[in-house]
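First to last, the sequence lines map onto chains A and B. Numbering (this note's numbering) for the first sequence: 390 to 685. Numbering (this note's numbering) for the second sequence: 390 to 685. Only one structure is covered here, and it is reproduced in the block below.
Number of protein chains: 2
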Amino acid sequence: MVDLKAYLAVRRERINAALDAVWGENSPSTRLVSAMRYSLTAGGKRLRPILCLAAAEAVGGDSADALPAACALELIHTYSLIHDDLPAMDDDDLRRGKPTCHKAFDEATAVLAGDGLLTLAFQVLSESSSREAFRAEAWLRVIEEIARAAGYRGMIEGQMRDMDGETHGLGLKELEAMHRLKTGALIRAAVRSGAILGGGTEDRIDRLDRYGGSIGLAFQVTDDILNVEGDPSVMGKAAGTDATRSKNTYPALLGLEKSKAFAEHLIQEALGALAGFDQKSDPLRAVARYILDRRR
Amino acid sequence: MVDLKAYLAVRRERINAALDAVWGENSPSTRLVSAMRYSLTAGGKRLRPILCLAAAEAVGGDSADALPAACALELIHTYSLIHDDLPAMDDDDLRRGKPTCHKAFDEATAVLAGDGLLTLAFQVLSESSSREAFRAEAWLRVIEEIARAAGYRGMIEGQMRDMDGETHGLGLKELEAMHRLKTGALIRAAVRSGAILGGGTEDRIDRLDRYGGSIGLAFQVTDDILNVEGDPSVMGKAAGTDATRSKNTYPALLGLEKSKAFAEHLIQEALGALAGFDQKSDPLRAVARYILDRRR
Numbered sequence: 390m391v392d393l394k395a396y397l398a399v400r401r402e403r404i405n406a407a408l409d410a411v412w413g414e415n416s417p418s419t420r421l422v423s424a425m426r427y428s429l430t431a432g433g434k435r436l437r438p439i440l441c442l443a444a445a446e447a448v449g450g451d452s453a454d455a456l457p458a459a460c461a462l463e464l465i466h467t468y469s470l471i472h473d474d475l476p477a478m479d480d481d482d483l484r485r486g487k488p489t490c491h492k493a494f495d496e497a498t499a500v501l502a503g504d505g506l507l508t509l510a511f512q513v514l515s516e517s518s519s520r521e522a523f524r525a526e527a528w529l530r531v532i533e534e535i536a537r538a539a540g541y542r543g544m545i546e547g548q549m550r551d552m553d554g555e556t557h558g559l560g561l562k563e564l565e566a567m568h569r570l571k572t573g574a575l576i577r578a579a580v581r582s583g584a585i586l587g588g589g590t591e592d593r594i595d596r597l598d599r600y601g602g603s604i605g606l607a608f609q610v611t612d613d614i615l616n617v618e619g620d621p622s623v624m625g626k627a628a629g630t631d632a633t634r635s636k637n638t639y640p641a642l643l644g645l646e647k648s649k650a651f652a653e654h655l656i657q658e659a660l661g662a663l664a665g666f667d668q669k670s671d672p673l674r675a676v677a678r679y680i681l682d683r684r685r
Numbered sequence: 390m391v392d393l394k395a396y397l398a399v400r401r402e403r404i405n406a407a408l409d410a411v412w413g414e415n416s417p418s419t420r421l422v423s424a425m426r427y428s429l430t431a432g433g434k435r436l437r438p439i440l441c442l443a444a445a446e447a448v449g450g451d452s453a454d455a456l457p458a459a460c461a462l463e464l465i466h467t468y469s470l471i472h473d474d475l476p477a478m479d480d481d482d483l484r485r486g487k488p489t490c491h492k493a494f495d496e497a498t499a500v501l502a503g504d505g506l507l508t509l510a511f512q513v514l515s516e517s518s519s520r521e522a523f524r525a526e527a528w529l530r531v532i533e534e535i536a537r538a539a540g541y542r543g544m545i546e547g548q549m550r551d552m553d554g555e556t557h558g559l560g561l562k563e564l565e566a567m568h569r570l571k572t573g574a575l576i577r578a579a580v581r582s583g584a585i586l587g588g589g590t591e592d593r594i595d596r597l598d599r600y601g602g603s604i605g606l607a608f609q610v611t612d613d614i615l616n617v618e619g620d621p622s623v624m625g626k627a628a629g630t631d632a633t634r635s636k637n638t639y640p641a642l643l644g645l646e647k648s649k650a651f652a653e654h655l656i657q658e659a660l661g662a663l664a665g666f667d668q669k670s671d672p673l674r675a676v677a678r679y680i681l682d683r684r685r
């Protein structure tokens, strides 16, 4: 068994160090860089980079080979939070208990900080300094996978549908499709990228893709459940906000018990996709169980 | 001599066809895609893609090899216009005589359409379908060059400084530094990308880089001059707007005559950088002269 808490803490530290190193020496201390770093260091779970590194190891590869992809995924995730929080979008003042980027700086700076993080992700993915020539094709494939997942048929379309849903209401099928785009696509890209850079076979990449799709959706379902019955002091954010905003959620559409059963089903699906993987994929198994049992 | 008008028209058509093909078959007809295509087809000059293709040919390469990079540059240029026009930024209602993206759609859609175009640029750059394996390294280098030019130490920082300048005022040196970031960096990346994909030597890439730096700045200087003495009916936009907004411009800082002499000097610099290039670089020479003589 994996001591998940210790594992996550060590991995988070490694990813944070790599994200710090992204800026390099002689990084200018501009307002733009301050805003980018403010949001990047605001205390995220680093779920996508952790999954990326764990997938590289699950296929027998070295997680160090996937570290630039792990960083790029977190840069993209952070940009999407900054833009989603903007007044014209979800109009949120707080994120993880801290003022959102446009509140801590201003709206124009927040738009540009998001643009900067998204662009930096692709710089990190393509920087050749420490990269062997024979891996160039694998990196091109990873860039394409991440760009597609983050793009107008992936994450960005998911945010469009989420906003439309707040005015029109979504059915169960539409809710699932929205989540699979908004968060599922990038989580799948995280495990796929790790598996590609770890040298996994196409069959292994496909299995990890299924694992990623299932835990990504399960994460959203448990998020909705926590919003109903979570402890605000543990979560670091208010509960009950979805109901007040009449947001589309699983508990609202399915009820609490069926939502829990659905999350459980998705996690079993994820664990099933890992059948045939050896103990090197135990961290992925532990993360799946953690998603089900988490309190925050 | 090159018949520049005919050359530009043919190239524009080729680039527009390639940009249309970027969407592929089964492209969803979402509101997001509509907004992305609306701005992409709003009648741009296609200067950056034209320079990219011309640079590939100037080093003896085939412009077809650089076409994906040409498309990516226009996608990035278009995203930057959408975000710069936003209410929180320059707050423009019209661009090229048409409603800006956030006016034709709404602000949230415009933010996401810009994000979508930026992300799509890197998808196009990395798509491997019709690409030979041995070129993977060249493509990684091009992705890195474009990401750096468009990023927080390039174009995005230029937009930050442009906005700050509207409140603080800029000196001549700061004005040049701002333009070199805001538009110069991506124009240089355009000719560099073309030269890399055309198989140019490092020396040729450096010379084209100097050419790009000079014409990029010259383009801004002539833009400022046209705003003072241009014919609105030819330009398709109002003149005199910089003075009303008290924008930082070359005529305001240098006077009209010295601004014209500076533009002339920059174009001579650009033509000098092309010394030693054969007649395949004539289109680049013609574009440089056109920037000086343009009426719109």
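Every residue gets a Cβ at the ideal spot worked out from N, C-alpha and C, and that includes glycine. What you are looking at is a predicted structure, and each value in this text was computed from that prediction instead of being measured.
CB contact check: residue i to chain A, cutoff 7 Å
i: Phe-494(B); result: no
i: Ser-622(B); result: no
i: Thr-508(B); result: yes
i: Glu-414(B); result: no
i: Met-567(B); result: no
i: Ala-579(B); result: no
i: Asp-454(B); result: no
i: Gly-583(B); result: no
i: Leu-501(B); result: yes
Bridge partners - residue i, DSSP secondary structure assignment
i: Pro-488(B); result: Leu-483(B)
CB contact below 7 Å: residue i versus chain B
i: Glu-526(A); result: yes
i: Phe-511(A); result: yes
i: Glu-516(A); result: yes
i: Leu-529(A); result: yes
i: Gly-589(A); result: no
i: Ala-497(A); result: yes
i: Gly-505(A); result: yes
Within-7 Å CB hit, residue i to chain C
i: Glu-463(B); result: Absent from the structure: chain C. Protein chains present are A and B.
Across the segment 585–593 of chain B and the segment 527–543 of chain B, are there enough close Cβ pairs to call them in contact, namely three or more that are closer than 8 Å? yes
Short of 7 Å Cβ to Cβ, which residues in the segment 532–564 of chain A face chain B? Ile-532, Glu-533, Ala-536, Arg-537, Ala-539, Gly-540, Tyr-541, Arg-542, Ile-545, Glu-546, Gln-548, Met-549, Met-552
Residues in the segment 643–655 of chain B having any Cβ partner in chain A nearer than 7 Å: none
Three or more C-beta pairs closer than 8 Å, one from the segment 538–551 of chain B and one from the segment 619–626 of chain B: is that the case here? no
Is the segment 442–454 of chain A close to the segment 468–486 of chain B, with three or more CB pairs under 8 Å? no
Determine contact between the segment 457–465 of chain B and the segment 431–444 of chain B, defined as no fewer than three beta-carbon pairs at a distance below 8 Å. yes
Check whether the segment 480–491 of chain A touches the segment 496–512 of chain B, counting contact only when three or more Cβ pairs, one atom from each stretch, lie closer than 8 Å. no
Using a Cβ-Cβ cut-off of less than 7 Å, give me the residues of the segment 397–423 of chain A that come near chain B, in sequence order. Pro-417, Thr-419, Arg-420, Leu-421, Val-422
Assess, as a yes-or-no matter, whether the segment 662–681 of chain A is touched by the segment 595–602 of chain A under the definition of 3 or more beta carbon pairs within less than 8 Å. yes
Which residues, taken in chain order from the segment 469–492 of chain B, show a beta carbon closer than 7 Å to some beta carbon of chain A? His-472, Leu-475, Ala-477, Met-478
Which ranges does the alpha helix (DSSP H) cover as unbroken runs of at least 4 residues, wholly within the segment 589–666 of chain B, from first to last along the chain? 591–618, 621–624, 630–633, 639–643, 645–662
Check whether the segment 554–563 of chain A and the segment 416–427 of chain A touch, using three or more Cβ-Cβ pairs below 8 Å as the test. no
Which runs of the beta strand (DSSP E), 3 residues or longer, sit entirely within the segment 402–471 of chain B? none
If we count Cβ pairs, one from each stretch, closer than 8 Å, do we get three or more for the segment 500–515 of chain B versus the segment 420–429 of chain B? yes
Ignoring anything shorter than 4 residues or poking outside the segment 529–587 of chain A, list the alpha helix (DSSP H) runs there in chain order. 544–557, 561–568, 574–586
So, do the segment 644–651 of chain A and the segment 606–617 of chain A have three or more beta carbon pairs nearer to each other than 8 Å? yes
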